[in-house]
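K.L.:
Anchor point for the sequence shown: position 214 equals 214 in the UniProt record's numbering, and the numbering is continuous, going up by one each time. Note that CB positions come from ideal geometry on N, CA and C, so glycine has one too.
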Amino acid sequence: MVSRPLDWLDALRRLREERTPAVVVTLAMVRGHAPRNGGAKLVVSPTELFGTVGGGNLEATAVRRARDLLATGGVEPELLTLTLSDKAVTEYGVQCCGGEVTMLLEPVRVVPSVAVFGVGHVGLELARILARHELDLHLVDSRAEMLAPERLGVPDADGRLVGGPLADAVAGVHLHHEPVPEAALADLETGAHVLIMTHDHVEDLAITETALRTEGLGSIGLIGSSSKWSRFRVKLLDLGHDEASLARVTTPIGIPEVSGKAPAVVAVSVAARVLQLIDDAGRPAGVGSVDAAGTVDAAPAPEPADEPALPVTHPSAGR
């Protein structure tokens, strides 16, 4: 495939925006004669090439290995050394420059995406943790005051940064004030992990139902007790979902090693599970990876007390 004349940084930026994984190939060391000097770069995506490290067998071998890494989900950088000699065993033709090159192959994964529906007490603590990681973080709430810049510590309408829990966020933070929160699902990236913890069980049910009908999402996690899920199951089955569809929902969410019901403690438990999902999704298939729906064997977090029957709104609960 012919390489496209796009600066490698611009190529990486474009691929990141398109949520396409890539491998950056760099001529890390050149001994003797070679087609390119050290530092030359090539960006390899599943279907495109940007830049060049010298063409011929050298480049073709690097591209093949880069695409192997992409196909298997490899995340660790690796070195590849080739001898440019007519006596060397090659697969893509002979290069007899007489030198030797060492290339560094660095996989660049797709930035993970997480959406938190409900930025109450638990949601805010969860956002505080997730914002310290390299991901796209979507915060969705039907209450405008929950997304106020002075509460979160994100730039206001004039671009001024207000101090707060997210003021030093590493993540790309996206705020969604949605009177109908489930509408935000249409704006999420492919593979986004959805965490549902609003103040209103009617909203929770609507978001869960819409998430099950939305293609391309990653995992779906719902905060709450077993009795809450029992009522949700009945309603979701009545709405046409089958058992296989309902199996995509993990509830309760979290890990058993972290107990307690305080918002900050619940948030640690939920964040740990989400980060496990993200880590598993970046591994080669069959090595602790999640299934196509993005679900894993869900370990329960401490269950809150049973909730009253639907419909119900608890503005004071502030989840």
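#1: Buried or exposed: which applies to residue 325, given that a residue is buried once 16 or more other Cβ atoms fall within 10 Å of its Cβ?
#2: Using DSSP with H/G/I as helix, E/B as strand and the rest coil, what is S289?
#3: Use the C-beta contact count for E182: other C-beta atoms within 10 angstroms, 16 or more gives buried, fewer gives exposed.
#4: Counting pairs of beta carbons, one from the region 233-245 and one from the region 117-136, are three or more of them closer than 8 Å?
#5: Can you give the Cα-Cα distance for T20 and A171, rounded to whole angstroms?
#6: Going straight from the alpha carbon of D7 to that of R14, what length do you get?
#7: Which residue comes first and which comes last in the beta strand (DSSP E) that contains H177?
#8: If you compare alpha carbons, which of L104, E145 and A115 is closest to A271?
#9: Would you call the region 239-259 in contact with the region 201-215, where contact means no fewer than 3 C-beta pairs closer than 8 Å?
#10: CB-CB under 6 Å to A11, same chain, minus the five flanking residues each way: which ones, in chain order?
#11: Which partner residues does L78 have in the DSSP bridge list?
#12: Beta-carbon within less than 6 Å of H174's beta-carbon, same chain only, minus the 5 sequence neighbours each way: which residues are those?
#13: Quick one: using the 10 Å Cβ neighbour count with 16 as the cut-off for buried, is E150 buried or exposed?
#14: Mind checking who R31 pairs with in its DSSP beta bridge?
#15: Between the Cα of D280 and those of T198, V24, P107 and G73, spot the shortest distance and give me the residue it belongs to.
#16: By DSSP's criteria, I220 is part of a beta bridge. Which residues make up the other side?
#17: Beta carbon of P112, beta carbon of L69: below 7 Å?
#18: Output needed for D204: all residues of its chain with C-beta closer than 6 Å, excluding positions within five of it in sequence on either side, in chain order.
#19: Can K41 and T61 be called in contact, C-beta distance under 7 Å?
#20: For R233, tell me which candidate among H177, A206 and A264 has the shortest Cα-Cα distance.
#21: So if DSSP puts A115 in a beta bridge, which residue, or which two residues, is it bridged to?
#22: Between the C-alpha atoms of D201 and F117, what's the straight-line distance to the nearest angstrom?
#23: Helix, strand or coil, according to DSSP, for L9 in the structure here?
#24: Which partner residues of V44 appear in the DSSP bridge assignment?
#25: State buried or exposed for K261, treating a residue as buried only when at least 16 other CB atoms are found within 10 Å of its CB.
#26: Please report the straight-line C-alpha distance between G224 and G163, rounded to a whole angstrom.
#27: Specify the secondary structure class of T72 as computed by DSSP and reduced to three states.
#28: Which stretch, first to last residue, makes up the alpha helix (DSSP H) that contains P263?
#29: Which of helix, strand or coil does DSSP assign to D168?
#30: Three-state secondary structure (DSSP) at D238?
#31: Give me the Cα-Cα distance between residue 322 and V258, rounded to the nearest whole angstrom.
P.N.:
With the given structure in hand:
#1: Within the shown structure, residues of the chain are numbered from 1 to 319, placing residue 325 beyond reach of any answer.
#2: Residue confidence is low: S289 scores 40 on pLDDT, short of 50, so the model does not pin down where it sits. Its coordinate-derived value is still stated next. Coil at S289, not helix or strand.
#3: buried
#4: no
#5: 18 Å
#6: 11 Å
#7: G172 to H177
#8: A115
#9: yes
#10: V43 and F50
#11: A small correction: the amino acid at residue 78 is Glu; Leu does not occupy that position in the sequence shown. DSSP, once it has assigned bridges, lists L105 as partnering E78.
#12: H138
#13: exposed
#14: E100
#15: G73
#16: V194 and V249
#17: no
#18: I196 and T198
#19: no
#20: A206
#21: H138 and V194
#22: Residue 201 is actually His in this sequence, not Asp. Rounded to the nearest angstrom, the two C-alpha atoms are 12 Å apart.
#23: helix
#24: V23 and L49
#25: exposed
#26: 31 Å
#27: helix
#28: P263 to A281
#29: coil
#30: helix
#31: The displayed coordinates of the chain run from 1 to 319. Any statement about residue 322 would go beyond what the structure contains.
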